[in-house]
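If you count by the working numbering, then the sequence shown holds residues 2 to 221, one letter each, in order. Every residue gets a Cβ at the ideal spot worked out from N, C-alpha and C, and that includes glycine. On a predicted model such as this, the values are computed, not experimentally measured, just so you know.
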Amino acid sequence: MDIVHFADVLWLARWPILKGIGVTLSISLLAICCGTLLGVGVGLALTYARAPLRWIVRGYTDFIRGTPVLVLVLASYYVLGTIGLDLGPFQAGILALAVFCSSHVGEIVRGALQSIPKGQTEAAKAIGLTFPQTFAYVLGPQALRQVLPAWVNTSAEMVKASTLLSIIGVAELLLRTQELISRTFMSLEFYFFAGFLYFVINYAIERFGRYVERKMAVPS
2 MDIVHFADVL WLARWPILKG IGVTLSISLL AICCGTLLGV GVGLALTYAR APLRWIVRGY
62 TDFIRGTPVL VLVLASYYVL GTIGLDLGPF QAGILALAVF CSSHVGEIVR GALQSIPKGQ
122 TEAAKAIGLT FPQTFAYVLG PQALRQVLPA WVNTSAEMVK ASTLLSIIGV AELLLRTQEL
182 ISRTFMSLEF YFFAGFLYFV INYAIERFGR YVERKMAVPS
């Protein structure tokens with residue numbers, strides 16, 4: 002590998018790579034945020050909803066968790082178009098990743114909520130708190146400490162899953178890398194560099210998660 006030559010080529014290709022990183026970060030952030038919001042609702046339904054709704058949400062969660070992300074991506078882009086819901090590659094990719102993220106976050110939230118002693122919910126009812134208040138002041142803060150490590154792992158998985166969106170033409174980091182390889186024929190070098198960039202992104206997510214965990218830790 003000619004490091005100097007690759008550095009020259011990499012400098013010339015810096016703008017396509019930066020654009021690819023920007024698209025990857027945008028997709029991942031939107032998918033994580035939307036998936037987390039939906040996942041909290043899924044977790045609450047799995048834990049507290051009445052039987053009919055709980056069964057429906059359980060079916061949704063199991064189905065999505067058992068479906069490969071690539072299938073969700075292709076379905077969001079191609080299948081939804083056949084029923085009149087035409088989404089662009091970017092929107093379809095965010096939808097697929099957000100739905101997949103929500104199923105995992107829902108299970109994480111469910112596990113965290115069910116680990117909290119029921120006596121705390123009963124005590125909140127006894128002092129007149131509504132369920133939203135109970136969740137905001139009693140259940141949520143305790144569940145958040147348990148949810149955070151698994152949520153960080155899920156967020157990192159969303160960044161890695163974003164590479165699948167290249168299959169529907171989203172110009173994220175992997176597709177930009179493949180386009181550069183097709184012009185320069187430097188496949189090994191660019192794939193290693195792309196892998197390094199994905200590692201940096203996920204490492205930053207992991208370090209941020211640990212920082213938040215330390216801030217939220219209960220003093221012993």
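8 Å Cβ cutoff met for residue i and residue j
| i | j | result |
| --- | --- | --- |
| G107 | T62 | yes |
| I168 | L71 | yes |
| R55 | H105 | no |
| S103 | G170 | no |
| M187 | F7 | yes |
| I18 | R177 | yes |
Collapsed DSSP secondary structure at residue i in the structure displayed
| i | result |
| --- | --- |
| A172 | coil |
| F197 | helix |
| R51 | coil |
| A14 | coil |
| L130 | coil |
| F7 | helix |
| P69 | coil |
| M187 | coil |
| L38 | helix |
| G112 | helix |
| L87 | A quick correction: the sequence has Asp, not Leu, at residue 87. Note: D87 maps to coil in three-state DSSP. |
Rounded C-alpha distance that separates residue i from residue j
| i | j | result |
| --- | --- | --- |
| L198 | P53 | 45 Å |
| G112 | L45 | 10 Å |
| L149 | E207 | 11 Å |
| W16 | K126 | 57 Å |
| F101 | S156 | 11 Å |
| A124 | V43 | 24 Å |
| F136 | Q147 | 15 Å |
| V80 | L88 | 10 Å |
| V235 | F209 | As displayed, the chain neither begins before 2 nor continues past 221, which places residue 235 out of reach and without an answer. |
Spatially closest choice to residue i from the options, by CA coordinates
| i | options | result |
| --- | --- | --- |
| I28 | V74, G40 and W56 | V74 |
| P133 | N154, L11, L19 and Y49 | Y49 |
| L30 | V153, L181 and L175 | V153 |
| E180 | P90, A14, I4 and L47 | A14 |
beta-carbon residue i near the ligand GDP non-hydrogen atom, thresh 7 Å
| i | result |
| --- | --- |
| V74 | As far as ligands go, the structure on display features none, and thus does not contain the ligand GDP. |
Subject >> Touch test, the region 26-43 against the region 89-97, Cβ-Cβ under 8 Å, three pairs minimum >> reply: With a cut-off of 8 Å, the region 89-97 and the region 26-43 count as touching, because enough Cβ pairs lie within range.
Subject >> At least three beta-carbon pairs within less than 8 Å, the region 17-25 to the region 156-173 >> reply: yes
Subject >> Three CB pairs or more closer than 8 Å across the region 139-147 and the region 189-197 >> reply: no
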